[in-house]
Amino acid sequence: MPAQLIDGILLSQQLRADIAQRAATLSASGRQPGLAVILVGEDPASQVYVRNKVKACADVGFHSVLEKYAAELPEAALLDRIAALNADPAIHGILVQMPLPRHINPHKVIEAISTTKDVDGYSVLSAGELMTGLEGFRPCTPYGCMKLIESTGVDLRGKHAVVIGRSNTVGKPMGLLLLQANATVTICHSATPDLAYHTRQADVVVAAVGRRNTLTADMVKPGAIVIDVGMNRDDNGKLCGDVDTAGVREVASYITPVPGGVGPMTITMLLMNTVEAAERT
Ligand code: NAP
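Just so you know, we're using our numbering here: the sequence shown kicks off at 46 and counts up by one.
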């Protein structure tokens with residue numbers, strides 16, 4: 046039987062309905078959740094991402110501001126804006142769209158965001174909170190992947206999870222979240238000599254590489270859960286993930302489609318972190 050598709054659009058709708066209710070409760074007490082999104086430069090993909098984030102805010106009843114700056118914005122001016130937003134009581138979350146122009150140090154920018162407003166969960170402190178199991182903001186994409194896995198009803202305790210990719214924003218936090226859920230975790234990367242050796246033993250595979258067909262059917266254990274984070278283009282320019290979905294579907298028990306899997310969940314978890322930030326004030 047082909048794997049069941051994990052519908053990220055449906056799960057997102059359910060979670061966003063809950064977020065909208067929480068936002069309405071906060072707004073009724075004068076604490077409407079507020080997200081500030083900053084875009085520096087004219088990167089076309091980034092423009093689409095920030096537009097989608099601002100629209101998602103409106104849909105769940107958040108206040109949002111979109112600040113767009115020319116690519117030449119000096120780093121000091123961006124840091125000043127972040128300081129002003131840190132002090133703004135109407136703003137509970139601050140997101141600076143990456144990548145930034147080369148003359149701006151992204152680490153400096155991320156660390157300038159107040160920890161209480163770091164809804165992307167990218168700061169060193171948020172990473173430390175995740176590593177030590179303290180409450181804090183989890184990076185949105187891996188957090189969304191965990192919700193997708195949870196939605197299958199499969200308990201991760203004692204399962205072997207293999208994460209392909211070790212970026213600070215996806216692979217590493219994904220590994221930590223799976224560990225926290227009591228899975229046994231292996232993290233693979235470009236220097237892993239035999240990727241298939243690891244993935245064939247996995248009850249859960251999360252592919253976060255950025256290269257299509259990284260995971261094919263012969264690399265997957267029958268009945269595994271497969272989460273496809275990748276966002277790539279096929280030869281016809283169509284969006285695709287890192288997984289050969291058609292092939293892997295014949296072997297896995299659950300699989301996320303691309304599009305319609307992890308993508309919508311990333312923005313949903315940004316909304317979730319923002320409503321939580323507002324509730325903590
Ligand atoms: P990244 O920073 O480029 O990291 C890619 C990782 O893949 C690196 O750790 C790299 O290893 C590893 N890798 C590369 N080739 C490999 C190979 N042949 N075998 C095993 N590992 C290999 O990318 P990212 O930001 O984590 O994103 C990964 C993908 O997810 C991209 O397609 C991105 O567009 C997508 N993404 C989607 C969403 C969403 O909302 N759907 C959000 C974020 C990212 P090294 O560390 O050794 O170089």
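For glycine and all other residues, C-beta sits at the position ideal for the given N, C-alpha and C.
| said: According to DSSP, is residue 252 part of a helix, a strand, or is it coil? | reply: Strand at residue 252.
| request: With a 10 Å radius around its C-beta and 16 neighbouring C-beta atoms as the bar for buried, classify residue 243 as buried or exposed. | output: By the neighbour-count criterion, in which a residue is buried when 16 or more other Cβ atoms sit within 10 angstroms of its Cβ, residue 243 is buried.
| message | What would DSSP say about residue 139, mapped onto helix, strand or coil? | response | Residue state, collapsed to three classes: strand.
| field | Beta carbon shell of the ligand NAP at less than 7 Å from a heavy atom | value | In chain order, the qualifying residues are 186, 209, 210, 211, 212, 214, 215, 216, 233, 234, 235, 236, 237, 240, 253, 254, 255, 256, 259, 274, 275, 276, 277, 287, 307, 308 and 311.
| task | Less than 8 Å between the CB atoms is what I'm expecting for residue 58 and residue 68, so what's the real figure, rounded? | result | Not really, about 15 Å apart at Cβ, beyond 8 Å.
| request: Counting only runs of 3+ residues fully inside the stretch 267-299, write out the beta strand (DSSP E) ranges in chain order. | output: Runs found: 270-273.
| said: Assuming contact is defined by CB atoms lying nearer than 8 Å, are residue 301 and residue 185 in contact in what I supplied? | reply: Going by C-beta atoms, residue 301 is not nearer than 8 Å to residue 185.
| Would you call the CB atoms of residue 49 and residue 299 closer than 8 Å? | In contact: residue 49 and residue 299 (Cβ atoms closer than 8 Å).
| query | Tell me which same chain residues have a C-beta within less than 8 Å of the C-beta of residue 201, skipping the five on either side of it? | reply | Hits under 8 Å: 194, 223, 226, 227, 228 and 249.
| message | Helix, strand or coil for residue 152? Go by DSSP, reduced to three states. | response | Helix, per DSSP.
| task | Use the C-beta contact count for residue 281: other C-beta atoms within 10 angstroms, 16 or more gives buried, fewer gives exposed. | result | Classification of residue 281: exposed, given that the 10 Å Cβ count is below 16.
| request: Would you tell me roughly how many angstroms separate the C-alpha atoms of residue 100 and residue 175, rounded to the nearest one? | output: CA-to-CA, the gap between residue 100 and residue 175 works out to about 29 Å.
| Does the ligand FMN have even one heavy atom less than 7 Å from the beta-carbon of residue 69? | What this structure holds is the ligand NAP, not the ligand FMN.
| query | DSSP puts residue 79 in a beta bridge; with which residues? | reply | Residue 79 pairs with 108.
| said: Out of 216, 192, 212 and 303, which one is the CA nearest neighbour of residue 314? | reply: Nearest of 216, 192, 212 and 303 to residue 314, Cα basis: 192.
| field | DSSP state of residue 113 mapped onto helix, strand, coil | value | Annotated three-state conformation of residue 113 is strand, per DSSP.
| Across which residues does DSSP place residue 129 in a beta bridge pair? | DSSP output for residue 129 lists no bridge partner at all.
| query | Hey, would you say residue 64 sits closer than 8 Å to residue 316, going by beta carbons? | reply | Yes, these two residues count as a Cβ contact at 8 Å.
| message | Helix, strand or coil for residue 234? Go by DSSP, reduced to three states. | response | The answer is coil: DSSP assigns residue 234 none of H, G, I, E or B.
| field | Sequence-distant residues of its chain with Cβ nearer than 7 Å to residue 143 (five each side left out) | value | Cβ neighbours of residue 143 beyond the five flanking positions: 151.
| What residues match up with residue 207 in a beta bridge as DSSP calls it? | Its beta-bridge partners are 231 and 250.
| query | Is it buried or exposed for residue 46, if we count other Cβ within 10 angstroms and need 16 for buried? | reply | So residue 46 ends up on the exposed side.
| So what does DSSP say about residue 260, is it helix, strand or coil? | It is a strand residue.
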